[in-house]
Amino acid sequence: MPNSLTIVGIQWGDEGKGKVTDLLARDASLVVRYQGGANAGHTVVVEGRKVVLHQVPSGILNPSAFCVIGPAVVVDPETLLAEMDELGHAGVAVNPDHLAISRQATVVLPYHKRLDTLREAARGAGRIGTTGRGIGPAYEDLFGRTGVRLAELCDEDRLAARIDAQLPERNAVLKFLGGEALDRDSLIQPALLLGERLRPFLCDTGNVVAKHLSAGHNVLFESAQGTLLDVLHGTWPFVTSSLTVAPAAFALSGVGIPLRGGVLGVTKAYTTRVGSGPFPTEDTGEYGEWLRQKGGEFGSTTGRPRRCGHLDLPALRYAHRVNGTSALALMKMDVLSGLSSVKVCTAWRVGGRTIDVATPDMFADPTLVPVIEEWPGWAAPLDGATSMESLPREAQEYVQRIESTLGIPIELVSTGSGRESTILRRNPWA
Ligand code: IMP
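Numbered by the numbering used here, the letters in the sequence shown go through residues 1434 to 1863 in order.
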């Protein structure tokens, strides 16, 4: 029986991790968000009410689970507090009895967001398509050893020293890129007020995680974005700026590798991507447009239309390798209802060779041609199905065929946006 479960996206994000985390948090005593920032948008539907979470872990909707925002998350204090207020108004308790935030987390400051937007504009046709939330520049400051940590928002002298050390250089770059310089006092005073509000939540969260693990309680590690957006293992440079992969969860949260751990890889029944970069199975024709409309494939953080395409088995095998997935969750199966046949990429032809497992450099290979098979589709809607037996035979076969081709058990199949529209074939905690 695992007592740690890591939920990781195994495509380019937006796989439906929020729903899975919300569901599995029912049996968790702790939910830890381990990377990313306000670039993420986890949509959860509870009793018909849609909640989009950006920085607060999706486990917050479960009153019995404690939540942690770990030290490798880049925290935008202003939008985090707005999100916490919004949750409060929706009747979800967000207080220090339910949420702890790492004192070590790097702060996203106004100049990070400006730099993000200006740099994207400067990249022109080569732009990454970032969310504009300042994520890249904030992580640069972490690894460049120049960032501001959350604890420093509660200490005027330390904050002022940091800002004074950084601002001249940041302002020079902002001006170089055609932007406006920022004034030190306009940064420091508002940041201190935000720090004051966050102070009760701040602690050494690694200690909290370690205590839950050593007590044998169930700890759920929640990733944001997806494997193919990982800064090292993804389709670099068209990636986000953090390590998203499951094995990073422990190092980034400040604990050792738990002895009993599972990794649940979350994938849609097809593929989507937002932003630029290679996408071998993208369908820019009618089929892709059909998926976008039927699946409501528009970004929950930016509203941008998502690029849509076919399930990519070589890419999933690669994601399995880097994450060590022990099981899969197959999301948005209901979207495929109504197709006479479902297109699936079973292999890649690269440089005249047939490839079963992708490697990161192959995604942009100009000779790459996906091998597409057409599997039988089904007409009946799946909305709300809670058992495999109630699915049309072709839908059952679709699940079984992916499972046997990849050799990884599919433990959860999602048949609609609500919590209840789920087939739990096996409880990943069991
Ligand atoms: P950034 O993380 O805002 O720097 O954006 C870098 C790339 O990651 C862009 O292609 C974004 O569209 C993508 N990205 C960032 N966060 C998410 C997410 O939560 N879901 C899907 N794509 C994301």
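Beta carbons are placed, not taken as given, at the ideal position from N, Cα and C, and that holds for glycine.
*asked:* Considering only DSSP beta bridges, list what Ile1841 is partnered with.
replied: Per DSSP, none; premise fails for Ile1841.
_Which residues does DSSP list as the beta-bridge partners of Ser1437?_
Ser1437 is bridged to Val1652 and Gly1694.
*Give the range of the alpha helix (DSSP H) segment to which Ile1568 is assigned.*
Ile1568 to Phe1576
*What is the residue span of the alpha helix (DSSP H) that Leu1512 lies within?*
Per the sequence presented here, residue 1512 reads as Thr, with Leu not at that position. Looking at the DSSP string, the run of the alpha helix (DSSP H) that includes Thr1512 is Pro1510 to His1522.
*asked:* Let me check understanding here. Comparing Cα to Cα, which of Gln1468, Cys1741 and Leu1661 lies closest to Leu1749?
replied: Leu1661
*Between the CA atoms of Gln1488 and Asp1767 - distance to the nearest angstrom*: Their Cα atoms are separated by approximately 28 Å.
*Would you identify the three-state DSSP class for Arg1482, choosing helix, strand or coil?*
strand
*Rounded distance between the beta-carbons of Lys1701 and Glu1480, thought under 8 Å*: Contact doesn't hold; Cβ gap of about 24 Å is too wide.
*Under the rule that 16 or more other beta-carbon atoms within 10 Å means buried, what is Glu1655, buried or exposed?*
buried
*Do three or more CB pairs link the region 1759–1773 to the region 1788–1805 at distances below 8 Å?*
no
*Measuring from the CB of Gly1446, is there a heavy atom of the ligand IMP at a distance below 7 Å?*
The answer is yes for Gly1446.
*For the ligand IMP, is there a heavy atom less than 7 Å away from the beta-carbon of Gln1537?*
No, since every heavy atom of the ligand IMP falls outside the 7 Å radius drawn around the Cβ of Gln1537.
*From the DSSP output, read off the bridge partner residues of Met1764.*
Lys1701
*Contacts around Gly1649, its chain only, beta-carbon distance under 6 Å, and the 5 residues preceding and following it disregarded*: Asn1436
*Separation of Arg1706 from Arg1739, as counted between CA atoms*: 6 Å
*6 Å Cβ shell around Asp1574 - same chain, five flanking residues per side excluded*: Gly1580
*asked:* In chain order, what are the residue ranges of uninterrupted alpha helix (DSSP H) at least 4 long that sit wholly in the region 1589–1672?
replied: 1589–1609, 1617–1631 and 1638–1647
*Looking only at DSSP bridge pairs, what is Val1783 linked to?*
The partner list for Val1783 (beta bridge, DSSP) reads Arg1786.
*Gly1851 - partner residues in DSSP beta bridges*: Val1478
*asked:* So Thr1454 and Ser1733 are supposed to be a Cβ contact under 8 Å. How far apart are they, rounded?
replied: That belief does not hold up - the Cβ atoms of Thr1454 and Ser1733 are roughly 14 Å apart, past 8 Å.
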